[in-house]
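Student:
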Amino acid sequence: MYQSWDELESNCKGCTKCGLCETRNHVVVGVGNRNAEVMFIGEGPGENEDLQGEPFVGRGGQLLDKMLNAVDLDRNKNIYIANIVKCRPPQNRDPLQEEQDACIDWLRNQVLLLKPKIIVCLGRIAGMKIIKPDLKITKEHGVFYEKNGIFMMATLHPAALLRNPAQKPGAFEDFLKLRDKIKEICDHTYTQND
Ligand code: URA
Ligand code: SF4
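Quick note: the working numbering has the sequence shown finishing at residue 384, numbered continuously throughout.
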């Protein structure tokens, strides 16, 4: 385990623990405030993320930023965003179980350093890996689970919302529930004093 973010980032950027290292352009470690109380976890980089080295920078990322901003969250201010796998799966296929297992220690280390109060999983893959293997995203999005002292919920993946805009209102309700939970248990997310 790395004790500092800089050490973690530089080692993660050289990782060759799974086959995804062979086709990546950038390792997408994460973005945001290293003192954030709220952490978002996606599935893995897509094409734009692989080219730019930052999570959620394509069309899905723009939608995510809009939904975040609607509840006063901002990737450059009061949250941290990472993914289950840090390198892009070819053709954006789902990351294989073995790839997720190879990569998960990086995310564990990020969680240990960040010590988030709330984790929001973006989509089914992250929800199943982080919350519970049998998570049903369509039924259980927006539901908070408490695990190891951290409140966790899954919401619909922004790419799924782009494919199926009818699901947007439901996803937006999840963000309103998130705002309420932040107001209830977080100290500085909405008061920018760090
Ligand atoms: N989808 C994800 O799950 N993560 C990203 O970083 C981009 C798209
Ligand atoms: Fe390493 Fe994760 Fe990239 Fe695989 S996906 S090479 S485990 S950083």
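All C-beta atoms, glycine included, are put in the ideal place defined by N, C-alpha and C. Values in this document were obtained by computation on a predicted structure and should not be read as measured data.
1) For Arg369, which of Asp262, Lys307, Gly360, Pro280 has the nearest alpha-carbon?
2) Determine the direct distance from the alpha carbon of Thr328 to that of Val217, and round the result to whole angstroms.
3) Should the segment 282-296 be called in touch with the segment 324-344, which here means at least 3 C-beta pairs below 8 angstroms?
4) Please classify Gly204: does DSSP put it in a helix, a strand, or coil?
5) Is Leu312 near the ligand URA - that is, is its Cβ less than 7 angstroms away from at least one heavy atom of it?
6) Based on the DSSP secondary-structure assignment, which residues constitute the bridge partners of Ile231?
7) Below 8 angstroms on the Cβ atoms is my guess for Val219 versus Lys207; work out the distance and round it to an integer in Å.
8) Taking C-alpha atoms, which residue in Gln252, Asp255, Glu233 lies nearest to Leu312?
9) How many whole angstroms separate the CB atoms of Asn282 and Leu241, which I take to be in contact at a CB cut-off of 8 angstroms?
10) Considering only residues of the same chain and omitting the five flanking positions on each side of Gly360, which have a CB-CB separation below 8 angstroms?
11) Report the CB separation of Pro306 from Val228 in whole angstroms; it is logged as a contact under 8 angstroms.
12) Starting from Glu336 and walking both ways along the beta strand (DSSP E), at which residues does that stretch end?
13) Whole angstroms is fine: what's the gap from Gly266's alpha carbon to Leu351's?
14) For the ligand SF4, list every residue whose C-beta falls under 5 angstroms from any of its heavy atoms, going in chain order.
15) Distance check for Thr381 and Cys211, CA to CA, integer angstroms please.
16) Using CA atoms only, rank isn't needed, just tell me which of Phe362, Pro355, Ile274 is closest to Asn299.
17) Using beta-carbon positions only, say whether Asp364 and Met342 come within less than 8 angstroms of one another.
Tutor: Judging by the given coordinates:
1) Asp262
2) 30 angstroms
3) no
4) coil
5) yes
6) Ala272, Cys311
7) Contact doesn't hold; Cβ gap of about 14 angstroms is too wide.
8) Glu233
9) The Cβ separation is near 13 angstroms, so there is no contact.
10) His331, Gly332, Leu346
11) 6 angstroms
12) 335-337
13) Before going further, note that residue 266 is Asn rather than Gly in the sequence given. If I take the Cα positions, the gap works out to 23 angstroms.
14) Cys205, Lys207, Cys208, Leu210, Cys211, Val275, Lys276, Cys277, Ala292, Cys293
15) 39 angstroms
16) Ile274
17) no
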